[in-house]
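Per this note's numbering, the sequence shown starts with residue 3, numbered consecutively.
Cβ coordinates follow ideal geometry from the N, Cα and C atoms, glycine included.
Please read these numbers as outputs of a predicted model, since none were measured by experiment.
Let me begin by presenting the structure, written as structure tokens, before commenting on it.
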Amino acid sequence: MNPPASAPQPQRLLIRNIGHLVTMDPQRRVLRDAWLLAENGRVHSLGTGPAPRLRGVTSLDAHGGIATPGMVNTHHHMFQNLARAFTPIASLPLLPWLAGHIPLWKNFTPDDLFLATQVACAELMLSGCTLTSDHHYIFPRHGAHDILDAGFNAAASLGIRYVGCRGSVNLPSDIMPDWSCQDLDVILADCQRLHDRFHDPSPDSRAQIAFAPCTVFGCSGEHYKESARLARHLKVRLHTHCGETIPENKDAVKHLGCRPFPYMARLGWEGDDVWLAHGIHFNNSEVARLTRTRTGIAHCPVSNMRLGSGICRVNDLRSGGSPVSLGVDGSASNDSGHLLNEARTALLLTRVLHGAEAMTPEQALEMATLDGARNLGRSADLGSLESGKCADVAIFPEQDLFSSGAHNPVHALVLCHARQVDSLVVHGQVRVENGQISGLDLPRLLSRHRKTARRFHDGLIK
Ligand SMILES: [Zn+2]
Numbered sequence: 003m004n005p006p007a008s009a010p011q012p013q014r015l016l017i018r019n020i021g022h023l024v025t026m027d028p029q030r031r032v033l034r035d036a037w038l039l040a041e042n043g044r045v046h047s048l049g050t051g052p053a054p055r056l057r058g059v060t061s062l063d064a065h066g067g068i069a070t071p072g073m074v075n076t077h078h079h080m081f082q083n084l085a086r087a088f089t090p091i092a093s094l095p096l097l098p099w100l101a102g103h104i105p106l107w108k109n110f111t112p113d114d115l116f117l118a119t120q121v122a123c124a125e126l127m128l129s130g131c132t133l134t135s136d137h138h139y140i141f142p143r144h145g146a147h148d149i150l151d152a153g154f155n156a157a158a159s160l161g162i163r164y165v166g167c168r169g170s171v172n173l174p175s176d177i178m179p180d181w182s183c184q185d186l187d188v189i190l191a192d193c194q195r196l197h198d199r200f201h202d203p204s205p206d207s208r209a210q211i212a213f214a215p216c217t218v219f220g221c222s223g224e225h226y227k228e229s230a231r232l233a234r235h236l237k238v239r240l241h242t243h244c245g246e247t248i249p250e251n252k253d254a255v256k257h258l259g260c261r262p263f264p265y266m267a268r269l270g271w272e273g274d275d276v277w278l279a280h281g282i283h284f285n286n287s288e289v290a291r292l293t294r295t296r297t298g299i300a301h302c303p304v305s306n307m308r309l310g311s312g313i314c315r316v317n318d319l320r321s322g323g324s325p326v327s328l329g330v331d332g333s334a335s336n337d338s339g340h341l342l343n344e345a346r347t348a349l350l351l352t353r354v355l356h357g358a359e360a361m362t363p364e365q366a367l368e369m370a371t372l373d374g375a376r377n378l379g380r381s382a383d384l385g386s387l388e389s390g391k392c393a394d395v396a397i398f399p400e401q402d403l404f405s406s407g408a409h410n411p412v413h414a415l416v417l418c419h420a421r422q423v424d425s426l427v428v429h430g431q432v433r434v435e436n437g438q439i440s441g442l443d444l445p446r447l448l449s450r451h452r453k454t455a456r457r458f459h460d461g462l463i464k
């Protein structure tokens with residue numbers, strides 16, 4: 003007779019010695035001298051004072067640091083880190099900038115995306131991010147069909163949560179040549195395939211898909227309409243660029259007879275399952291429609307400044323009820339993917355528009371956490387540290403050289419030079435400890451990445 007099987011032991015992680023625990027709970031509590039216990043990937047309990055004495059628990063020392071909910075990146079083009087600070091486009095606005103780097107990618111492969119995604123995810127994790135999206139739209143017509151699979155696999159290799167946004171272009175133009183476009187039936191079939199292979203709708207999900215036609219100029223009305231129809235049938239989210247520049251609005255009126263957002267809205271692109279990248283140039287009636295329908299925005303302040311695109315109306319959108327999350331945007335227009343730095347820049351840029359009282363450090367952290375979770379459909383399990391939610395935690399050193407002497411360490415996290423994490427926990431598992439990503443040979447990865455980047459640069463610059 004076999005002995006009775008014993009119940010599986012819960013996986014428990016105790017984070018102790020937290021100087022400031024920024025919960026982002028409904029009361030926005032910040033706990034001093036705190037601890038957090040995770041069990042089977044979820045927050046079991048948290049509190050102040052001496053940590054509970056427990057057996058069979060993995061312990062993580064926060065060294066008095068600041069713990070926040072894992073931050074959320076809601077817009078990126080990770081492949082572009084192979085063309086950071088690319089000289090020919092270093093000082094151009096959006097459309098010539100785009101035209102200047104698209105030729106680089108004609109021979110882009112899944113291996114290239116794997117490498118770029120690992121670098122981008124490592125960068126994001128060290129800046130406090132536990133959930134990222136990637137809007138990938140480079141699918142050379144005669145290349146491999148399964149490019150985005152490499153993105154999912156690379157993110158999984160580092161343990162970060164990932165939303166692969168299946169980008170697409172079906173209308174050739176001066177900017178997006180024929181080789182970079184695909185037929186709509188090919189695009190929709192790949193969306194379905196990726197959904198079936200990778201999309202996990204469960205509350206603990208580490209991998210999801212979103213459908214993401216690139217822009218109104220690269221994608222037909224049917225493309226937008228059919229993508230929305232399939233997404234709603236499969237219950238996945240929708241993402242695209244909208245309202246990034248003034249020329250985009252003018253061209254849409256000229257060629258489509260309508261500004262981009264009302265055009266998209268007519269095709270089904272509004273609602274709380276849609277989030278739009280940038281969302282800068284909306285008029286008052288568009289802001290009212292966006293907020294009434296709870297359509298989300300991914301605000302990308304560094305990229306918007308780099309390309310001189312304009313300033314998003316963050317406070318108008320947030321006060322009306324739309325989630326406005328943060329996005330580092332592609333690394334050819336940022337040119338770094340540091341999420342905490344994006345929160346700092348969002349605060350500074352909103353103050354440029356409306357004055358010093360327009361945004362507090364707490365509100366910038368809300369955008370990096372709660373609004374990010376909302377835009378990616380994860381409000382129920384991510385974005386705050388509360389009992390029962392996922393144990394995704396970023397732990398930053400309390401003070402470093404660039405924040406030494408700070409009166410309020412939590413404010414300093416946003417107001418001072420953006421720092422890197424000491425530790426990062428995803429679903430109760432330690433993914434970064436003492437500033438090192440577990441299982442990753444970073445120097446080796448960067449060596450391969452630089453070599454690959456040179457291959458692209460040399461291919462264009464003779
Ligand atoms: Zn973008």
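Here proline 325 is buried. Its C-beta has 16 or more other C-beta atoms within 10 Å. Boundaries of the beta strand (DSSP E) harbouring isoleucine 299: 298 to 301, taken from the DSSP string.
Under the DSSP assignment, leucine 62 falls in the beta strand (DSSP E) whose first and last residues are 60 to 63. Ligand 1 has no heavy atom closer than 8 Å to the beta-carbon of alanine 212.
Excluding the 5 residues flanking it on each side, threonine 347 has same chain C-beta neighbours closer than 7 Å at Pro303, Val304, in chain order.
If you check the C-beta of histidine 283 against ligand 1, you find no heavy atom less than 8 Å away. Among the bridge pairs identified by DSSP, proline 215 is matched with Ser170. About 28 Å separates the CB atoms of glutamine 11 and glycine 67; that is not less than 8 Å, and the two are not in contact. Going by C-alpha positions, leucine 372 is about 8 Å away from leucine 384. Beyond the five residues adjoining it in sequence on each side, asparagine 377 comes within less than 6 Å, by CB distance, of Thr76, Trp277, Gly298, Pro325, Ser327 in the same chain, given in chain order. Rounded to whole angstroms, the Cβ separation of methionine 178 and glycine 220 is 5 Å, and the two are in contact under 8 Å.
Per DSSP, the beta-bridge partners of proline 71 are Val395.
Secondary structure of glycine 21 (DSSP, three-state): strand.
With a cutoff of 8 Å, cysteine 302 counts as near ligand 1, since its C-beta is closer than that to a heavy atom of the ligand. Taking 8 Å as the cut-off, one finds no heavy atom of ligand 1 near enough to the beta carbon of histidine 235. In this structure, the CA atom of valine 395 is about 18 Å from the CA atom of glutamine 365. Note on geometry: alpha-carbon atoms of arginine 446 and valine 354 lie some 41 Å from one another.
Annotated three-state conformation of glutamate 228 is helix, per DSSP. Within the model, the alpha-carbon separation for threonine 50 versus serine 229 is close to 48 Å.
Here valine 416 carries a helix assignment [DSSP, helix/strand/coil]. Under DSSP, tryptophan 37 forms a beta bridge with Gly49. Uninterrupted beta strand (DSSP E) stretches at least 3 residues long and entirely within the stretch 303 to 341 occur at 326 to 328, given in chain order. Inclusion of histidine 79 in the 8 Å shell around ligand 1 follows from its C-beta lying nearer than that to a non-hydrogen atom of the ligand. Within its own chain, the residues whose Cβ lies closer than 8 Å to the Cβ of serine 405, once the five positions on either side in sequence are excluded, are Pro411, Ala414, Leu415, Cys418, His419, Arg421, listed in chain order. For tyrosine 164, the beta-bridge partners assigned by DSSP are Thr134, Ala209. In this structure, the straight-line span from the alpha carbon of leucine 39 to that of aspartate 443 is close to 29 Å.
Of the heavy atoms belonging to ligand 1, at least one sits nearer than 8 Å to the Cβ of glycine 332. Nearest neighbour of tyrosine 164 by Cα position, chosen from Asp176, Asp151, Ser175, Ser170, turns out to be Asp151.
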